[in-house]
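K.L.:
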Amino acid sequence: MTTGNPKGSTEKCTVKGVLPAVDCSGRGPGCCQVTGGREDALNAGFLLGRAREIPCAAPSPDSRPVSAIDPAAFEAAPGSIRMAEEKGEKPVLEENAFEEIEKDFQEVLSELSGDKSLDRFRIEYEKLHAIMKKSYDNEKRLMAKCRELNAEIVVNSAKVATALKLSQDDQTTIASLKKEIEKAWKMVDSAYDKEQKAKETILALKEEIVNLTKLVEQGSGLSLNQDSNIRDLLKFKEEVTKERDQLLSEVVKLRESLAQTTEQQQETERAKDEAEQTISQFQQEIQHRQNEASRESRKKEKLEKELKQIQTDMDTRQMEIKALQQYVQKSKEELQRLEQQLKEQKILNERAAKELEQFQMRNSKLQQENEQHSLVCEQLSQENQQKALELKAKEEEIHQMRLDIGKLNKIREQIHKKLHQIEDQKAETEQHKETLKNQILGLEREVETSKKQAELDKKAMDELLRERDILNKNMLKAINATQKQIDLVKLHEQTKRNLEEETQNYKEEAQKQRKIIFQLEKERDRYINEASDFTQKLLVNMEDIKVREMQIFHYKKKIAESETKLKHQQNLYEAVRSDRNLCSKNLVEAQDEITEMKRKLKIMTHQVDQLKEEISTKESALVKLNLEQQRIEKEKETLKAELQKLRQQALETKHFIEKQEVEERKLLRIIAEADGERLRQKKELDQAELQKLRQQALETKHFIEKQEVEERKLLRIIAEADGERLRQKKELDQVISERDILGSQLVRRNDELALLYEKIKIQQSVLNKGESQYNQRLEDMRILKLEIKKLRWEKGILAKSVANVEELRQELFHMQKEFLKERTRCRALEEELENPMNVHRWRKLEASDPSSFELIQKIQALQKRLISKTEEVVEKELLLQDHGYFENSGKLSSKLDLNAIR
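For what it's worth, the UniProt record's numbering labels the leading residue of the sequence shown as 1, then goes sequentially.
#1: Let's test the definition: count the other Cβ atoms within 10 Å of the Cβ of arginine 27 and tell me whether it reaches 16, buried, or not, exposed.
#2: Output the distance between the C-alpha atoms of valine 623 and threonine 312, rounded to the nearest integer angstrom.
#3: Within its chain, find whatever has a CB closer than 8 Å to the CB of residue 917; leave out the 5 residues flanking it on each side and keep chain order.
#4: If arginine 777 sits next to valine 576, beta carbons under 8 Å apart, how far is it from one beta carbon to the other, in whole angstroms?
#5: Please name the residue, chosen from Lys426, Glu296 and Phe359, that lies closest to residue 911 on a Cα-to-Cα basis.
#6: Using the rule of at least 16 other Cβ atoms within 10 Å of the residue's Cβ for burial, across every protein chain shown, is glutamine 816 buried or exposed?
#7: Determine the DSSP secondary structure at leucine 491, reduced to helix, strand or coil.
#8: Output needed for glutamate 339: all residues of its chain with C-beta closer than 8 Å, excluding positions within five of it in sequence on either side, in chain order.
#9: Three or more beta-carbon pairs under 8 Å between the stretch 633-647 and the stretch 738-746, yes or no?
#10: Among Ala799, Glu758 and Lys790, whose alpha-carbon lies nearest the alpha-carbon of asparagine 291?
#11: I think alanine 198 touches valine 251, with their Cβ atoms under 8 Å apart; what is that distance to the nearest whole Å?
#12: Assuming methionine 604 and glutamate 752 form a contact by the criterion Cβ under 8 Å, report the distance between their Cβ atoms to the nearest whole angstrom.
#13: Can you say whether lysine 785 is buried or exposed, counting buried as having 16 or more other CB atoms within 10 angstroms of its CB?
#14: From the DSSP output, in three-state form, read off valine 114 for me.
#15: Cα separation between serine 616 and glutamate 731?
#16: Alpha carbon to alpha carbon, what distance is there between lysine 558 and lysine 272?
#17: Nearest-angstrom Cα distance between leucine 611 and aspartate 740?
#18: Tell me which residues share the same chain as leucine 205 and place their Cβ nearer than 8 Å to its Cβ, disregarding the 5 neighbours each side in the sequence.
#19: Just to confirm my understanding: we take alanine 481, look at its own chain, exclude 5 residues before and 5 after, and list those with CB closer than 7 Å. What are they?
#20: Report all residues from its chain with a CB closer than 6 Å to the CB of alanine 590; omit the five preceding and five following residues, and keep chain order.
#21: Out of curiosity, what's the CA-to-CA distance linking glutamate 448 and glutamate 467?
#22: Give the C-beta separation of leucine 880 and leucine 808 to the nearest angstrom, bearing in mind that I take them to be a contact with Cβ-Cβ under 8 Å.
#23: Does the stretch 172-184 come into contact with the stretch 247-264, if we say contact requires no fewer than three beta-carbon pairs (one atom in each stretch) closer than 8 Å?
#24: Can you check whether the CB of serine 562 is closer than 8 Å to the CB of leucine 791?
#25: Hey, would you say isoleucine 310 sits closer than 8 Å to glutamine 439, going by beta carbons?
#26: Quick one: measure Cβ to Cβ for lysine 308 and methionine 461, integer angstroms, because I've assumed they're closer than 8 Å.
#27: Could you check what DSSP says for asparagine 626 in three-state terms: helix, strand or coil?
#28: Could you check the C-alpha separation between alanine 259 and threonine 564 for me, to the nearest Å?
#29: Could you check which residue in Lys437, Thr700 and Val188 has the C-alpha nearest to that of serine 257?
#30: Given lysine 636, which residues of its chain have a CB within under 7 Å of its CB, disregarding the five upstream and five downstream residues?
#31: Just the Cα atoms here: how many angstroms apart are methionine 475 and isoleucine 286?
#32: Excluding sequence positions up to five away, which residues of its chain have a Cβ less than 7 Å from the Cβ of glutamate 89?
#33: Where does lysine 835 fall in DSSP's three states?
#34: Once you ignore the five residues that flank glutamate 320 on each side, which residues in its own chain have a CB closer than 8 Å to its CB?
#35: CA-CA distance, arginine 289 and glutamine 630?
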C-alpha cells in the first residue's frame, strides 16, 4: 500500500493480513483508496484493525479523513443477511464476529495510541469503526422492522381468511334459514287453511247440531237414521276437535320454530354486523397501507431525483478532480523545473562570488604592484614619465574596471533580488499547491461520501421497491378479499331485505285475512240474526241499507286512499325527477370541474416541460462553462510553457554574459602581462572589445527587461485567468442552486399534481355514486308506475266484485226469506202436531194412518231441503271466501313480483 506525502514521494505501508492494493499516488495527505474488488474491500475493512506500520502523512487540519474502505462492502451486508435469513441461514455479521472486530479495534487503538504521529490516522480509524457500528445497528433495526412487518402481514392475512370463512358460514346459514323460513311459512299457510276449513266445518256442524237439537226438542221422537246421523255427527265433531287440537299444537310448534329462526336470524345479523365492522377495519388498514405505499413511492421518486443529482454532481466533481489532478501534475513539473533552475542559479551565483573574490585578490595585487611602480616612478621619474602616463591610463582603466565591477555587483544584486522573487514565487506556488491538494482531498472526500450516499440510496431504494411490491401484492389480495366480502354483504343485505319485506307482507296479508274473516264472521252472525228476526224486517232492511251505505263509503274511502297514494306516488315521482335534475346539474358541474382540472394539469405539465428545458439549457451552459474553463486552463498551460521558454532564454543570456565576463577576465590577464609596446595596441583592441561587450551587455539588459515585462504580462494573464475561473465557479454554484430550486419546484408541482389526481378520483367516485343513485331512483319510478297500474287493476276488480256482492246479497236475502217461510211452515206443522184440530183422532180407522206418514215424508223432505239450502249457503260463503282469498293472493303475488323486480 502506497501513501501520498506532501513532497510527492511514495512510501510503502505494511499491513498485517491479506489486503488489496491501495493507490495513493497524487492524492495528498491522509489519502488511502482501496483499488481491489468489493470482497477485497470488505476483507480490508475487517482486517484493517490489525495494521501495525502505516506511516501515512497526517492530513491537514482543514481536510476531513477519507475512508479507506469501500462503503459498498458494508452496504452489501444487509442484503446478504436478508437473503441468508430467507434461506434459513445465519447472517454474515454475527454477534461473535462483531465482538472479534471490536477486540481487534481495541488492540489496534492500544497500538496506535502510543505513536503520536498516527493520531490523525487513529481518529480516521475510529470514525470508520463508528460508521461500521452504526451500519451494524441500522442493519439490526431494519431486520427487526422487517420481521415486525412480516408478522403484521401474516396476522392481517389470517384475519382476512377468518373474515372470509365467517362470511361463507354466514351465507350458508342465511341460505339454510331462508329455506327453513320458507318451509315454516308453507306449514303456516297449510295450517291456516286447515284451521279455516276446520272452523267452517265446526260452524256448520254447530248449526246442524243446533237445528237438530231444536228439531229433537220440537219433534216427538227421532228415527233410527236420525240417531245414526247424530252419532256420526258427534264422532265427526270429536274427530274435528282432535284435528283442531293437533293443528293448534302444530301452530304452536311452528311459532316456536319461527321464534327460533328469528333468533338465529338475529344472531346471523349480529355476526354479519361484526363481519362488516372487521371488513371496515380491514378497509381502513388497507387505506392506511395504500397511503404508506404512496408515501414510499413519493420518497422513492425523491430519492431517484436526488440520486440523479448526486450522479451529475459526481460526474462534474470527477471532471474537476481530473482537471485539478492535471493542474497539480503540471505544477509539480513546473516546481521541479524551478528547483533545477534555482540549483543552477545558486551554482552560478557561487561561481560569480568566487570570481569576484579572485578579482578582489587580483585588484589588491595590482594595487601593490601599483605602489611598487609608484616608488619606482619616484626614484626613476625621468626615466618613467612615459610609464607614469601609462600608469594614469592604467588607473583610468582600473577605474573603469571598478565601475564595471560596481555594475557587475549591481547585476549580482538584481540577480539576488530575482532569486528572492523566484523563491517567493516558489513559496506561493507551494502554498497554492497545498491549497490545491486540500481542495483535491475535500473533493475526493465529497466524491466518496456521495458514492457512499448513492450506494446507500440504491440499497434503500431496492429495499423500498421490494417492500412496495410486497405491499402491492398484499393490497391487491386484501382488495379482492374485501370486494368479495362487500359483494357477499350486499347479497346478505339484499336477501335480508327481501326476507324482511316478504315476512312483513305475509304478516300484513295474514292480518288482512284475519280482519276479513272476522268481518265475514260478523256479517254471517248479523245475517243469521236478521234471518231469525223476521218480524223486524223494516229494521233489518234499514240496517242493510245502512251497511250498504257504510260499505259504499268504505269503498269510496279506499278509492280516495288509492287516489291519495297515487298523488303521493306522483309527488315522489316529481321529487325523483327534481333529484335527477339536480344530479344531472351536479354531473355537468363535476364534468366542468374535471375539464378545468385537466386544463390545469396540461398547464402544469407544460410548465414542468418548460422547467425541464430550462434545466437542460442550464446544464448545456454549465458544459460550455466547463469547456471554456478547460480552454482557459490550456491557454494558461501554454503561457506557462512560453514563460518557461523565456526563462530558459534568460538563463542562456546569463550564461552568455558569464562567458563574456570570462573572456573579459582573460583579456585583463593578457593586458596585465603584456608589454608597454603592446599596451597601445591592446588599449585600442580592448576599447573596441569593451565597447562591443558593453553593447552586448546593454542588449542583454534590454532583452532581460523585455522578458521581465513579458513575464509580468503573463502573470497578469494568469491572475485574470484565475479571476475568470473563480467567476465561472460562482456562476456554476449559482446554476447549481437554481437547479436545486427548480428541482424543489418540480417536487412541489408533482405533489400538486398528485393532489389534483386524488381530487379527480374523489369527484369521479361522487359522480359514480350519483349515477347509481339516479339509476335507483329511475328503478323506483318504474316500480311505482307498476304499483300504480296494479292498484288501478285492483280497483277495477274491486269495482266488479262490489257489483257481484250486491247480487249475491240479494240472492242471499231471497234465500233467507224462503228459509223463513219454510221455518214458519215447519213451526205451523209442529203446532198442529202438538195441538191437533181433528175431533175424531181417538177413533180407530180402518185404514192406515196416512197423515203421520205424510208428515214424516214432509219432515224428511223439509230436512233434505234444509240440508240442500245450508249446503248452498256454505258453497256461497266458500265462493265469497275464495273470491276474497284470490284477491288477497293477487295482491300478494303483485307485491312479490314488485319485490322480485326490486
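Beta carbons: idealized from backbone N, C-alpha and C, even for Gly.
Note that this is a predicted model, so its numbers are computed, not measured.
P.N.:
The relevant details are as follows:
#1: The pLDDT assigned to arginine 27 is 39, lower than 50, so where the model puts this residue is not dependable; a value taken from the coordinates is nonetheless given after this. Taking all protein chains in view, the Cβ of arginine 27 is crowded by 16 or more other Cβ atoms within 10 Å, so the residue is classified as buried.
#2: Rounded to the nearest whole angstrom, the C-alpha separation of valine 623 and threonine 312 is 12 Å.
#3: Nothing can be reported for residue 917: it is not among the residues displayed for the chain, which extend from 1 to 902.
#4: The Cβ separation is near 4 Å, so the contact holds.
#5: The structure shown does not extend to residue 911, since the chain is modelled only from 1 to 902, so the question has no answer here.
#6: So glutamine 816 ends up on the buried side.
#7: Three-state result, leucine 491: helix.
#8: Same-chain partners within the cutoff: Lys426.
#9: Result no; under three Cβ-Cβ pairs closer than 8 Å.
#10: Ranking Ala799, Glu758 and Lys790 by Cα distance to asparagine 291 puts Glu758 first.
#11: Contact doesn't hold; Cβ gap of about 12 Å is too wide.
#12: A Cβ-Cβ separation of about 7 Å places methionine 604 in contact with glutamate 752 under the 8 Å criterion.
#13: With fewer than 16 Cβ atoms within 10 Å of its Cβ, lysine 785 is classed as exposed.
#14: In the sequence as displayed, the identity of residue 114 is glycine instead of valine. Here glycine 114 sits in coil by DSSP.
#15: Roughly 16 Å separates the two Cα atoms.
#16: Between lysine 272 and lysine 558, the C-alpha separation is close to 41 Å.
#17: Cα to Cα, leucine 611 sits roughly 12 Å from aspartate 740.
#18: Result list for leucine 205: Leu233, Phe236, Lys237 and Val240, in chain order.
#19: Here the set comprises Val160 and Leu164.
#20: Only Gln763 and Leu767 meet the Cβ criterion.
#21: One C-alpha to the other measures close to 28 Å.
#22: Right, the Cβ-Cβ distance comes to about 7 Å (below 8 Å), so this counts as a contact.
#23: They touch, by the three-pair rule.
#24: It is a contact, given that the beta carbons lie within the stated cut-off.
#25: No. Outside cutoff.
#26: Methionine 461 and lysine 308 do not touch by the CB rule: their CB atoms are close to 12 Å apart, not below 8 Å.
#27: Asparagine 626 falls in the helix class under three-state DSSP.
#28: Going by C-alpha positions, alanine 259 is about 37 Å away from threonine 564.
#29: Taking only the C-alpha atoms, the option nearest serine 257 is Val188.
#30: Apart from sequence neighbours up to five positions away, the residues of its chain that approach lysine 636 with a beta-carbon distance below 7 Å are Ile718 and Ala721, ordered along the chain.
#31: Their Cα atoms are separated by approximately 6 Å.
#32: Low local confidence applies: a pLDDT of 39 at glutamate 89 is under 50, so the model's placement there is unreliable, with the coordinate-based value given in what follows. Excluding sequence neighbours, glutamate 89 sits near nothing in its chain.
#33: Correcting the residue type first, residue 835 is asparagine in the shown sequence and not lysine. For asparagine 835, the three-state secondary structure derived from DSSP is coil.
#34: Excluding residues within five positions, the ones whose Cβ falls inside 8 Å are Leu443.
#35: Straight-line Cα distance between these residues: approximately 52 Å.
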